[in-house]
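Chain order of the listed sequences is Y and F. For the first sequence, the UniProt record's numbering gives the first residue as 1, with consecutive numbering after it. For the second sequence, the UniProt record's numbering gives the first residue as 1, with consecutive numbering after it. Where a beta carbon is used, it is the ideal one built from N, C-alpha and C, also for glycine. To keep things clear, I will list the structure first and then write my remarks on it.
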Amino acid sequence: MNGGRRRPETPEGAGEAAGGALPVAPAAPAALDGVARLDTDALLDDPATRIVVCCGSGGVGKTTTAAALGVRAAERGRRVVVLTIDPARRLAQSLGIASLDNVPRRVEGITAAAPDGSGDASGTDNGAEESAGSPGTADGRGPGELHAMMLDMKRTFDEIVEAHADPERARAILANPFYQSLSAGFAGTQEYMAMEKLGQLRARDEWDLIIVDTPPSRSALDFLDAPKRLGSFLDGTFIKVLMTPAKVGGRAGMKFLNASMSMMTGTLSKLVGGQLLRDVQTFVAAMDTMFGGFRTRADATYRLLQAPGTAFLVVAAPEQDALREAAYFVERLAAERMPLAGLVLNRVHGSGADRISAERALAAAEELEAGLPDGPDDGPATGGAESAGPSPTSAAASGAAAAEHRSVEHRPVEHSSMDRTADQLAAGLLRLHAERMRTLDRERRTRDRFTALHPEVAVTEVPAFPGDVHDLAGLRAIGEQLADRADQPAAA
Amino acid sequence: MSRLHVVSGKGGTGKTTVAAALALALADQGRRTLLVEVEGRQGIAQLFGTEALPYEERKIAVGPGGGEVFALAVDAERALLDYLQMFYKLGGAGRALKKLGAIDFATTIAPGLRDVLLTGKVCEAVRRQGRDGRPVYDHVVMDAPPTGRITRFLNVNDEVAGLARVGPVHHQAQAVMRVLKSPETAVHLVTLLEEMPVQETVDGVAELRAASLPVGGIFVNMVRPPLLDEDDVRRAADGERQAVTRAFSRAGLGGARRGGPAERLVGPLLDQAREHVVRVRLEQAQRREIAGLGLPAPELEFLDEGADIAGLYRLAKDIRKQGVPGVAG
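Next comes the structure, spelled out in structure tokens:
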């Protein structure tokens, strides 16, 4: 793929790709009045930004947002890796990571936003707006790169074991049935492993920007809790119980404790059978030496998330559930002292005719469908004459000739049926518009509820595209919407 | 006939709404259904506009002809303590386990156990009988984890039965699996007529079938009727553009002259119509994909006013009219 045209003038450029990703350019959503705007370009261009975490509930376009940000950041000169958790197949294919191999792969087709070498004529027309955001980011560094990977949690877990245990012990762990179940992805493992992978990527220091998609957890911030949970587990007595052979011994002061522990293991053994308990015990024993490492790294990753180089983006769609989750995220992040950059609101509808309300459009549609008497103010005569003229063929010259060829008795019939069709068409257009306006109103109300609750959160909106995005061009278009450089006021 | 209805679907498809509507639809003619939430999000309470559900079964709605819907939000920790108490009379030991962090371990660190508890609790409700020997609930509807996790979630008992080869946990896991794999259970997937959810649905059905879990039907949610087709748009854009303009004008939307309000309306409305046509075309392709699964696929209307109680009743009626997959008559 060679990105010849760098910045398709959004509407026409996107519209061109008929049958492709974005057959129709959606109307821009109405301006966000009185809400701080999230400047994603400034965020991506800032060399101090090293990690961007996209979180949000399921089905809001989190993965697409992460991928689009990756494409944009890379094309603006950064060396980016996008860590996706569970991308839709075609999106993964578009990034060339259809095979799940747990290793970042370079994405082909990334074209530097600033041309190589000099930043003259073409460079300025292209970079005019960018340089306003953060001067000189794209120039100094040469073209960016995009790498992408899909998390394989079992592989990640295996790798940790292999890296931190001697070969014999590693073999014992990997063969342990309890370990196999745990690592193959009981819910929850994904969160630990996403955190682990993030820590690994950061430690390699090969990329100057890591963009992370987060797992679609039941409670979407499970990944934040992962290190803490691990910690509380490791601090707990339970792990000691598990590792206590079921016999009493040791010093007198420990006697009671040990007795209760052995009763506990006895109970557990009764519940789950001796074999599983032994599996768990050998697993815990084998992992014991690694737990310290686990915990240190989990804590380090947690601190990394709080560090100034990290930015959280909460992703949502303008729907009640998604924004409720988003509000929860915002509150949780604040409580955890995690740096929130802003809210990305995906799939926002706009209309080029939002001065006509849903009610007005519906009323007009109903009138037309009920069969209006010929026009009240346009006058029946003029209306009829005009439509007999240019309207059927729209070619001006042939209009009159065509009218002349019609037989006299034919003419009114054909004319009136044409007219009715036009009315029906108009009514259909109006009904569609009413539907659109209702969506728009609903979205706006939902969004306003959020912004009223959290006025401090900067917001950027991405319009709803009729189809799914699954190629670089589509991701690029989304990236432009995310950047939202066209700061035109409510005019459109 | 299926008595346990497991409702899954990709995030954002309205899985909880459909589960609630299904519970309502099944609660007619004096029947009693239980709607169970297992993900701790209190989605049911929000939907029905009630306070957060406690860990107990309580009535939240009535159906036609004296039907009743009960709801329960299962909490894994409480379920574990219950379970210990119920089966092993381990109340005290349960508390001790909790103190030791064992409950945390069971419900978070070893999350497979958590899924065992959740599915176990639901199956208990399915099998529970009243004094008269009849089931307490005619139907149990579970608002289950999303499609990407559903097969593993339901199959967790197989895995646990394999890990714990003897003992009560083994037997319990096997008993749960017997219910889940029987015709008593139907797993329904909720989708929208959009590419990603449909793709995930197709993959989900394949996974469920491979795991011999009984697939019930596909609920196609948020369906809107097509208003205009490609031909209409082409005609409105070309041949009859002026007639359409005049129609707008006659309907009171301003003067039809060039540059007048009615004329300026045509462009933006045509843009919307083109988007609509694209969407309808994509939707038809998705319908074909769904039809290829050979499963009943009731369609549920888009709720303009959002999913509130009135909307739920409308969806329930939709479902009753089209028939609940896996329930004859």
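With 16 or more other Cβ atoms inside 10 Å of its own Cβ, Y137 of chain F counts as buried. With contacts defined by Cβ atoms closer than 7 Å, V220 of chain F and A273 of chain F do not form a contacting pair. Counting other Cβ atoms within 10 Å of its Cβ, D115 of chain F reaches 16 or more and is therefore classed as buried. The continuous alpha helix (DSSP H) containing T201 of chain F extends over residues E195 to A210. For T214 of chain Y, no beta strand (DSSP E) segment is defined, and its DSSP state is neither H nor E. Less than 7 Å separates the beta-carbon of P466 of chain Y from that of E275 of chain F.
In the DSSP assignment, I60 of chain F falls outside any alpha helix (DSSP H) and lies within the beta strand (DSSP E) extending over R58 to V62. A distance of 7 Å or more separates the beta carbons of G342 of chain Y and A68 of chain Y. C-alpha of I309 of chain F to C-alpha of S183 of chain Y: approximately 42 Å in a straight line. Contacts with chain Y at 7 Å (Cβ-Cβ) do not include R287 of chain F. Excluding the 5 residues flanking it on each side, E369 of chain Y has same chain C-beta neighbours closer than 6 Å at A427, in chain order. Residues of chain Y whose Cβ lies closer than 8 Å to the Cβ of K10 of chain F are, in chain order, G58 and G59. In the DSSP annotation of this structure, the continuous segment of the beta strand (DSSP E) that includes I51 of chain Y starts and ends at I51 to C55. Selection F:G12, F:P135, F:V140 and F:T201 evaluated against V122 of chain F yields F:V140 as nearest (Cα-Cα).
For P167 of chain Y, the enclosing alpha helix (DSSP H) has its first and last residue at P167 to A175.
Of all residues in the segment 237 to 259 of chain F, those with a C-beta nearer than 9 Å to a C-beta of chain Y are D238, G239, E240, R241, Q242, A243, V244, T245, R246, A247, F248, S249, R250, A251, G252, L253, G255 and A256, reading in chain order. One alpha carbon belongs to V205 of chain F, the other to A335 of chain Y, and they sit about 40 Å apart. DSSP places F312 of chain Y in the strand class (E or B) of the three-state scheme. Taking CB atoms only, P268 of chain F has a neighbour in chain Y less than 7 Å away. When rounded, the separation of the alpha-carbon atoms in G58 of chain Y and H170 of chain F is 33 Å. Comparing C-alpha distances from T16 of chain F to each of F:R178, F:L315, F:R320 and F:L180 shows the shortest one belongs to F:L315.
Look at I356 of chain Y here: in three-state DSSP terms it is coil, with no helix or strand label.
When Cβ pairs closer than 8 Å are counted between the two stretches, the segment 225 to 242 of chain F is seen not to touch the segment 200 to 216 of chain F, the count staying below three.
Rounded to the nearest angstrom, the gap between the Cα atoms of V160 of chain F and I160 of chain Y is 24 Å. Within the segment 361 to 372 of chain Y, A364, E367, L368 and L372 place their CB atoms closer than 7 Å to a CB of chain F, listed in sequence order. Taking all protein chains in view, the Cβ of V103 of chain Y is surrounded by fewer than 16 other Cβ atoms within 10 Å, so the residue is classified as exposed. Taking the Cα of L265 of chain F as reference, the smallest distance to any Cα among Y:L151, Y:M338 and Y:H433 is reached at Y:H433.
For T191 of chain F, the uninterrupted beta strand (DSSP E) segment begins and ends at T185 to T191. Cβ contact annotation for A23 of chain F (same chain, cutoff 7 Å, sequence separation greater than five): T33, L35, V69 and V141, in chain order.
Beyond the five residues adjoining it in sequence on each side, G326 of chain F comes within less than 6 Å, by CB distance, of S2, A186 and G216 in the same chain, given in chain order.
The beta carbon of Q275 of chain Y falls within 7 Å of a beta carbon belonging to chain F, placing the residue at that interface.
Within chain F, the residues placing a beta-carbon under 9 Å from that of Q320 of chain Y are Q46, G306 and A307, ordered along the chain. By the CB criterion at 7 Å, T13 of chain F and V190 of chain F fall inside the cutoff. Proximity of the segment 447 to 457 of chain Y to the segment 276 to 289 of chain F falls short of the contact definition, fewer than three beta-carbon pairs being nearer than 8 Å.
In the DSSP assignment, I218 of chain F is bridged to F:L189.
Secondary structure at F70 of chain F: strand, using DSSP grouped into helix, strand and coil.
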